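The structure appears right after this line, and notes come after that.
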Amino acid sequence: MGDLIYTCVQWVHNFGAVMVVSAPAVALWLGQDHEARHHQLAWLMVLGWTTQGASGAGFGLTSLYLKGQIPDVAGIALVALVIKITCAATGFILAVVYLRVGAVHWSSRSQILVRQFMLGLGVTALSGAAFLRWYL
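Those letters in the sequence shown? Residues 14 to 149, per the working numbering, in order.
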């Protein structure tokens, strides 16, 4: 039963990862002439980072429920976890700010930089996941 719970949490986490990388990549690919699509993709980024954070916490809660304690995260795994949490928080906040301010208040260059930065956050979080799994 424990493996099934972990698998379900991982499944959700993977979809969050797809969202945080694909949404900014698609936004960059579309260029500047698709404001409605960019708005939808920004919502997808918010959903993706929320999913990443919630499912990440879900891993710890699953361990707590099944084993009576959270995983012992130290060294490289701890650094990777901090990087992932920082990416999730930063990505979530940036996407919310982008939505609240509205694209019309951002210069074209600023919009491109935000999308590039969001893509970088997604790739960095995914890279951190590899280290976290290997060293945990």
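No residue lacks a Cβ here, since even glycine has one placed at the ideal position from N, Cα and C.
Treat the numbers as computed from the prediction; the structure is a model and nothing was measured.
Bounds of the alpha helix (DSSP H) holding G133 are S121 to Y148. Where Q23 is concerned, the enclosing alpha helix (DSSP H) starts and stops at G15 to L43. Assignment of H51 by DSSP, reduced to helix, strand and coil, places it in the helix class. Between A55 and A108 the beta-carbon gap is near 5 Å, inside 8 Å, which marks them as a contact. Going by DSSP, A116 is part of no alpha helix (DSSP H) at all; its letter is neither H nor E. By the Cβ criterion, the stretch 29-38 is not in contact with the stretch 85-93, since fewer than three pairs of Cβ atoms, one from each stretch, lie closer than 8 Å. Contact annotation, S68 with V25: C-beta distance approximately 4 Å; criterion of less than 8 Å satisfied.
Cβ neighbours of I98 within its own chain (closer than 8 Å, five residues either side excluded): G66 and G69. Taking the CA atoms as reference points, Q23 sits about 37 Å from H118.
If the five residues before and after L139 are omitted, its C-beta is found closer than 7 Å to the C-beta atoms of A30 and V34, all from its own chain and listed in chain order. Distance from the CA of R113 to the CA of M14, rounded to the nearest whole angstrom, comes to 42 Å.
The beta carbon of A36 is closer than 7 Å to those of L54, L57, M58 and G61 in its chain, skipping five residues each way along the sequence. Rounded to the nearest angstrom, the gap between the Cα atoms of H51 and A38 is 11 Å.
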